[in-house]
Amino acid sequence: MAVNEKWKAAAHRAAAQAKKTALAAAREADRLMRVARQRVKSSGAEARVKRALQKAGRVLKAAGSAALRAGIAAAREGSKTSAKSRRARRRP
Numbered sequence: 049m050a051v052n053e054k055w056k057a058a059a060h061r062a063a064a065q066a067k068k069t070a071l072a073a074a075r076e077a078d079r080l081m082r083v084a085r086q087r088v089k090s091s092g093a094e095a096r097v098k099r100a101l102q103k104a105g106r107v108l109k110a111a112g113s114a115a116l117r118a119g120i121a122a123a124r125e126g127s128k129t130s131a132k133s134r135r136a137r138r139r140p
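Those letters in the sequence shown? Residues 49 to 140, per the numbering used here, in order.
Set out below in structure tokens:
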């Protein structure tokens with residue numbers, strides 16, 4: 049039972065870290081969007097807006113990728129500990 053709890057705790061920590069990363073990425077994307085809007089109003093430079101939006105997209109993509117990697121790492125960690133416990137249970 050303790051192994052299962054460790055896996056759940058590891059998954060929870062990974063999910064919390066992924067959430068923090070995603071929120072930080074969203075804040076950065078919002079900041080970039082505000083800058084982009086201001087630049088459009090002031091100079092009308094569409095190329096700069098496009099670059100800023102592309103950067104926001106890359107930030108969000110990286111955050112999603114980080115969340116996925118954190119989940120995979122938590123699952124691997126959980127499977128390692130559960131395999132050890134299965135072997136321990138088989139031995140009399």
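From the three backbone atoms N, C-alpha and C, an ideal C-beta is built for every residue, glycine too. Fair warning: this is a prediction, and the values are worked out from it, not measured in the lab.
Item: Contact between the segment 76–88 and the segment 99–108 (3+ Cβ pairs under 8 Å); Value: yes
Item: Same chain only: Cβ atoms within 7 Å of A111, ignoring 5 sequence neighbours per side; Value: T69, A70 and A73
Item: Exposure of G28, with buried meaning 16 or more beta-carbon neighbours within 10 Å; Value: A query on residue 28 cannot be resolved here, the shown segment of the chain reaching from 49 to 140 and no further.
Item: From K54, H60 and A104, residue whose alpha carbon lies closest to that of R75; Value: A104
Item: Nearest-angstrom Cβ-Cβ length linking A122 and A62, presumed shorter than 8 Å; Value: 4 Å
Item: Neighbourhood of K56 by C-beta, 6 Å cutoff - its chain only, sequence neighbours within 5 removed; Value: none
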